[in-house]
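Peer 1: Read in order, the letters of the sequence shown are residues 385 to 508 in the numbering used here. Glycine included, each C-beta is placed from N, C-alpha and C at the ideal position.
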Amino acid sequence: MEKGQRYDFIDQFRGFIGVLMLLGHSSYYLNAFWKQLNEFDPLFPSWGQFALRYAGYICAPGFLMMAGGMTWLSFHKRLKKGAHPWKAKWHLIQRGIFLIIIQITWVNSSWGGFQTFNPWHLGI
Numbered sequence: 385m386e387k388g389q390r391y392d393f394i395d396q397f398r399g400f401i402g403v404l405m406l407l408g409h410s411s412y413y414l415n416a417f418w419k420q421l422n423e424f425d426p427l428f429p430s431w432g433q434f435a436l437r438y439a440g441y442i443c444a445p446g447f448l449m450m451a452g453g454m455t456w457l458s459f460h461k462r463l464k465k466g467a468h469p470w471k472a473k474w475h476l477i478q479r480g481i482f483l484i485i486i487q488i489t490w491v492n493s494s495w496g497g498f499q500t501f502n503p504w505h506l507g508i
């Protein structure tokens, strides 16, 4: 693979998952069945309504698979460039720690309007 070249299948998969997430998030507006929905009755009168409702449920596993695949590709790309395996692993560890710190400090605080900060709240 040449420098700067992208894997098309990754972009296509990301787009597919994004469309499924869009359908899942907008199903309330696209599906008239929601107006008389009984939350405890999972049966839908048609296949289309069922598919529209549950299409977004595979987004989280899809994004998780994509994150794992990108981590694997990034790791092996660094190894191909000649990085020591521990150095490549350390880069991923630092990146993970950074994301955890951002989650704890910024994202969790933003849900409360930045009014309070609870450092013991590790809801990652």
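1) Return the chain-ordered ranges of every beta strand (DSSP E) run that is complete within the region 439-507 and spans a minimum of 3 residues.
2) Does the beta-carbon of Arg-479 have 16 or more other beta-carbons within 10 angstroms, so that it is buried, or is it exposed?
3) Taking contact to mean 3 or more Cβ pairs, one atom from each stretch, closer than 8 Å, check whether the region 391-399 and the region 435-450 are in contact.
4) Per the contact definition of three or more C-beta pairs closer than 8 Å, is the region 401-409 in contact with the region 466-483?
5) Look at the Cβ atom of Leu-463, then the Cβ atom of Ala-472, and state whether they are nearer than 8 Å.
6) Check Tyr-413 in the structure and name its three-state DSSP category.
7) Can you look up Gly-388 in the DSSP assignment and give me helix, strand or coil?
Peer 2: Straight from the coordinates:
1) none
2) As a first step, residue 479 must be located in the sequence shown, where it is residue number 95. Its Cβ having fewer than 16 others within 10 Å, Arg-479 is exposed.
3) yes
4) no
5) Numbered from its first residue, the sequence shown carries residue 463 at position 79. Numbered from its first residue, the sequence shown carries residue 472 at position 88. Yes, the Cβ-Cβ distance between Leu-463 and Ala-472 is below 8 Å.
6) Position 29 of the sequence shown, counted from the first residue, corresponds to residue 413. Tyr-413 falls in the helix class under three-state DSSP.
7) Here residue 388 refers to the residue found at position 4 when the sequence shown is read from its first residue. Coil.
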